[in-house]
Amino acid sequence: MAEQHKPLVIAIDGPAASGKSTLAELLAKKLGFFYFDTGVMYRAATLAALRAFQSVEEEEAVTRLTESTGIDVQPASIEDGRVMDVLLNGEDVTWQIRSSEVEQHVSKVSAYPGVRKALTEQQRQIGLRGNMVMAGRDIGTVVFPDARIKIYLDASAEERARRRYCELEARGVEMSYERILTSIIRRDRIDSTRKHAPLKAAADALVINTDGKTIEEVLEESLSFIHQQLQNQG
Ligand code: CDP
Numbered sequence: 162m163a164e165q166h167k168p169l170v171i172a173i174d175g176p177a178a179s180g181k182s183t184l185a186e187l188l189a190k191k192l193g194f195f196y197f198d199t200g201v202m203y204r205a206a207t208l209a210a211l212r213a214f215q216s217v218e219e220e221e222a223v224t225r226l227t228e229s230t231g232i233d234v235q236p237a238s239i240e241d242g243r244v245m246d247v248l249l250n251g252e253d254v255t256w257q258i259r260s261s262e263v264e265q266h267v268s269k270v271s272a273y274p275g276v277r278k279a280l281t282e283q284q285r286q287i288g289l290r291g292n293m294v295m296a297g298r299d300i301g302t303v304v305f306p307d308a309r310i311k312i313y314l315d316a317s318a319e320e321r322a323r324r325r326y327c328e329l330e331a332r333g334v335e336m337s338y339e340r341i342l343t344s345i346i347r348r349d350r351i352d353s354t355r356k357h358a359p360l361k362a363a364a365d366a367l368v369i370n371t372d373g374k375t376i377e378e379v380l381e382e383s384l385s386f387i388h389q390q391l392q393n394q395g
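Counting from 162, one number per residue, gives the positions in the sequence shown under the working numbering.
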């Protein structure tokens, strides 16, 4: 029997506001791939827990809730700046998951092993829908360790806070630079020191430090790496 064709996954990992989403979206457009930002799933699980329990402290309860909640992504159905729809039991929560309350609690929820297990499984299923650029923290290390192409983006916390500040400002959300910087540093610390699937570059990833680089430069560097990898791998 002929071997089933496996979709191609391009894994883009990195810390908060490192430019993963922007790069992943541009690459997906350029290559005609789907774009999937896995962070939205952890954000949706956090939103569900906050709605149900007004807190995310009870690991067992949050895990059970995540296991029984339908979290999915679909191509954008509305042109309001979104790159995809995020659905929580069918409800469109694309913008709700960007609230500062979710932002504040998401790293705690994503450190729960049971939550990661449930969402990793769903991410692998979504990865079968077609060729995909997948952005996250553990795509190249845990979700798709055999992805053919892995890129890890990094930048200083100050540069990342500046980018997030501009992003929020453009959306009309007011938040001070200092507050954003503190939140980014705190989230990075939790994400990189957690026991399960911590944030780190895969050994075979191309690491790009994006400090002082334009998105065009990062895109160029990534595309030449992708072409080179695909050629080498045949
Ligand atoms: O956009 P930003 O980089 O600020 O965050 P995000 O990608 O939306 O991810 C939000 C949070 O989800 C991260 O701080 C991680 O705690 C968690 N996350 C994760 O643990 N694993 C992933 N593959 C993606 C996100």
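Glycine residues also receive a C-beta, built at the ideal position from the N, C-alpha and C atoms.
If you check the beta carbons only, do PRO168 and LEU289 fall under 8 Å apart?
yes
When the Cα atoms are used, what is the spatial distance from ASN370 to LEU314?
6 Å
Just reading off the alpha helix (DSSP H) that ASP349 is part of, what are its end residues?
338-354
Name the DSSP bridge partner or partners of MET453?
Given a span of 162 to 395 for the chain in the structure shown, any question on residue 453 remains unanswerable.
Evaluate contact between the stretch 357-367 and the stretch 301-311, counting only Cβ atoms and requiring at least three cross-stretch pairs below 8 Å.
yes
Note down, in chain order, each residue of its chain lying with its Cβ closer than 7 Å to the Cβ of ALA163, except the 5 sequence neighbours on either side.
Bear in mind that the predicted position of ALA163 carries a pLDDT of just 48, short of 50, making it too unreliable to give a figure here.
Could you tell me which of ILE287, HIS166, ALA185, PRO176 sits nearest to ILE310, measuring between CA atoms?
ALA185
For the ligand CDP, is there any heavy atom lying closer than 7 Å to the beta carbon of ILE300?
yes
Using CA atoms only, rank isn't needed, just tell me which of ARG243, LEU208, PRO236, VAL234 is closest to LEU226.
LEU208
Nonlocal neighbours in the same chain, by C-beta distance under 7 Å from GLY175, ignoring five residues either side
LYS181, TYR313, LEU314, ASP315
DSSP three-state call for ALA318: helix, strand or coil?
helix
Spatially closest choice to ARG204 from ARG259, GLY251, VAL244, PHE197, by CA coordinates
ARG259
Compute the Euclidean distance between the alpha carbons of MET336 and MET293, then round it to the nearest angstrom.
33 Å
Count the other C-beta atoms from every protein chain shown that fall within 10 angstroms of the C-beta of VAL267, then say buried if there are 16 or more, exposed otherwise.
buried
Below 8 Å between beta carbons: does that hold for GLN257 and MET245?
no
Can the beta-carbon of ALA172 be found closer than 8 Å to that of PHE386?
no
Per DSSP, what kind of secondary structure is ALA363 in: helix, strand or coil?
coil
For PHE305, three-class secondary structure by DSSP
coil
Within the continuous beta strand (DSSP E) that includes PHE386, where are the two ends?
From DSSP, PHE386 is part of no beta strand (DSSP E) but of the alpha helix (DSSP H) over 376-394.
Tell me whether ALA163 sits in a helix, a strand or coil according to DSSP, three-state version.
Residue confidence is low: ALA163 scores 48 on pLDDT, short of 50, so the model does not pin down where it sits. Its coordinate-derived value is still stated next. The answer is coil: DSSP assigns ALA163 none of H, G, I, E or B.
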